[in-house]
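Numbering (our numbering), first residue to last: 264 to 651.
Cβ atoms here follow ideal geometry from the backbone N, Cα and C, with glycine treated the same way.
All values reported here derive from a predicted model rather than from experimental measurement.
Below is one structure, written out as structure tokens; the observations come after it.
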């Protein structure tokens, strides 16, 4: 997709169709059953990996598809639209895969990228801390040198999927010998490393992926655990955050599509006083409103992905934040209206909507809060004074 053509390439259209067929074979009933039983969607993840869908954005030389984040975002959107949103696609192939492909050493790429591409390995991402909130400059997880090794200590919170991951890409900080200040650095930490512990955080979200608090107590890492250059870590970090926002937007878009499709189907089939309930403007107009907002958010998401894949990180940052914001808002609207359209059935388990109420609310909070997006737009897009 370029600036003058709003039609996706034929290859991506075909990719969407193939992914939709795969995800539809499993469907929301499978997804919800797994989530309620506290089980993983391993079968769907493994099949998507074998078919090459999880690694479409990764380099071909490491088993990936050699495409861009726009194609991976399309995969996630179709997964979510079929009622099977795979949250770890946001972190493992998108954030971590992108960072390793761009900044990893030859050995790191060889060790990890083939597994990320075919789904046989998962790496999750840890940046959030209990006392730092959205302020990444207050991260206290610290690495110090010990001979040729690193010792990493600190805490992280709300880290997705640690229990099913082989490693965690941890955002820490190291001391700058010149200035004495701390600067960001990225480390690959195996989940079985001595001194690394994680504890599940109980959540009111029905999902197969769990959230965890991490505790790192002088975790000893070899020198090669450092990803990229120690002095360039902030640029490397943001190389992964734009894909995170684009994928977060696609996650929300897919759920919005799923909810809207369910609502429209019900509004056409359900009859009261001899006519389909969708013939009443009280239901038709809110659904039409959601459809309009959905298309607008999708265009912004595609713009962000196109800019990112073209190498324009600065412009992609603005669009990715806007896309994440817009997609989260329409997902909330679409799910809420789908529940309302179904009436009492909207909260009945068999209709597959009630559990989405809390799931879409997450989009306003993560991977960056709605308020921080508005701060970004106010400062960087409008030129207003920094407000925090």
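Outcome for residue i when other beta-carbon atoms lying within 10 angstroms are tallied against a minimum of 16
i	result
residue 270	exposed
residue 536	exposed
residue 507	buried
residue 466	exposed
residue 541	buried
residue 561	buried
residue 584	buried
residue 630	buried
residue 531	exposed
residue 605	buried
residue 296	exposed
residue 300	exposed
residue 411	exposed
residue 276	exposed
residue 332	buried
residue 394	exposed
residue 355	buried
residue 353	buried
residue 314	exposed
residue 274	exposed
residue 565	buried
residue 499	buried
Contacts around residue i, its chain only, beta-carbon distance under 8 angstroms, and the 5 residues preceding and following it disregarded
i	result
residue 646	none
residue 258	Only positions 264 to 651 of the chain appear in the structure, and residue 258 is not among them; the question remains open.
residue 642	648, 649 and 650
residue 262	No answer is possible for residue 262: the residues shown for the chain start at 264 and end at 651.
residue 401	392, 394 and 395
residue 621	467, 468 and 469
residue 429	378, 384, 385, 386, 453 and 454
Close beta carbons around residue i, own chain, < 7 angstroms, minus the five adjacent residues each side
i	result
residue 638	650 and 651
residue 311	285, 317 and 382
residue 624	595
residue 462	475 and 476
residue 266	Per-residue confidence for residue 266 stands at a pLDDT of 48, beneath the threshold of 50, marking its modelled position as unreliable; the derived number appears in the next sentence. Result list for residue 266: empty, nothing under 7 angstroms.
residue 309	382
residue 572	331, 332 and 333
Beta-carbon gap between residue i and residue j smaller than 8 angstroms
i	j	result
residue 522	residue 610	no
residue 447	residue 497	yes
residue 369	residue 290	no
residue 357	residue 510	yes
residue 586	residue 563	yes
residue 425	residue 454	yes
residue 406	residue 360	no
residue 387	residue 502	no
residue 347	residue 391	no
residue 319	residue 327	yes
residue 472	residue 513	no
residue 375	residue 489	no
residue 581	residue 644	yes
residue 364	residue 321	yes
residue 539	residue 600	no
residue 385	residue 324	no
residue 445	residue 433	no
6 angstroms Cβ shell around residue i - same chain, five flanking residues per side excluded
i	result
residue 279	337 and 341
residue 648	none
residue 591	515, 626 and 627
residue 431	387, 389 and 452
residue 589	560 and 563
residue 420	391, 393 and 476
residue 556	593
Residue of the options minimising C-alpha distance to residue i
i	options	result
residue 480	509, 436 and 417	417
residue 505	544, 463, 477 and 576	576
residue 597	559, 526 and 469	526
residue 617	571, 469 and 567	469
residue 593	276, 293, 314 and 553	553
residue 485	302, 371, 601 and 473	371
residue 452	464, 438, 427 and 483	483
residue 450	460, 457 and 437	437
residue 603	367, 298, 335 and 529	529
residue 567	464, 493, 545 and 335	335
residue 487	408, 421, 307 and 520	408
residue 366	491, 329, 574 and 570	491
residue 524	570, 500, 544 and 615	615
The ligand NAD heavy atom lying under 7 angstroms from the CB of residue i
i	result
residue 446	With respect to the ligand NAD, the structure shown offers nothing to examine, as it has no ligands at all.
Start-end ranges of the beta strand (DSSP E) lying completely within the region 294 to 336, minimum 3 residues: none
Within the region 515 to 557, ranges of the alpha helix (DSSP H) (whole runs, at least 4 residues): none
Start-end ranges of the alpha helix (DSSP H) lying completely within the region 462 to 505, minimum 4 residues: none
Those runs of the alpha helix (DSSP H) which lie wholly inside the region 352 to 381 and span at least 4 residues: 360 to 366 and 369 to 381
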